[in-house]
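What follows is a short report on a single structure.
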Amino acid sequence: MKEIVFGIISGIVAALGMGGGTILILLLNLFSNMNQHLIQGTNLLFFIPTSIVAIYMNIKGESIDYKLSKAIIISGVIGAIIGSLLSFKIDSNNLKKYFGIFLIIISIFEIYSFFTQYKLDKKENNK
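Residue numbers (my numbering): 853 to 979.
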């Protein structure tokens, strides 16, 4: 039952383009006994159908920059190959720690970006 809830939450976040896979990895880390490699592999499989649905909806809504997407896809495939090769050379516990560090860095960046935008909006509204 919890897996269904995890899937729904992650699917909603993925459809919003905000990293549903990251949420899924976090939930599986916190509430399952799976090792990090298995969690990340499961996340990759989850990503395929949710991405297809999100892509379809974004094409329908005309909200895709195809030129930008092409460059990102090509470099992303290269990065995925490199990352996959590296992940199997890293111990599962260390991989979990590195993922946690990654989440902390992303969180700090997002909080900083939010407050920077908030200050700009506030300054602009005061004019």
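Cβ atoms here follow ideal geometry from the backbone N, Cα and C, with glycine treated the same way.
This structure is a prediction, so every number in the text was calculated from the model and none was measured.
Cβ neighbour criterion (16 or more within 10 Å) applied to residue i
i    : result
S936 : exposed
T902 : buried
L947 : buried
S862 : buried
I877 : buried
F858 : buried
G872 : buried
Straight-line Cα distance separating residue j from residue i
i    : j    : result
N887 : N881 : 8 Å
Q969 : Q892 : 32 Å
N977 : F898 : 42 Å
D943 : E914 : 42 Å
L955 : K949 : 10 Å
I911 : G928 : 20 Å
E855 : G952 : 21 Å
N895 : F940 : 16 Å
I957 : M853 : 32 Å
K971 : S965 : 10 Å
Y908 : L879 : 26 Å
I926 : D917 : 14 Å
8 Å contact criterion, which residue i and residue j should meet: CB distance rounded
i    : j    : result
A906 : A866 : 6 Å
Same chain, Cβ closer than 7 Å to residue i, five either side skipped, listed in chain order
i    : result
I875 : I861, S862 and V865
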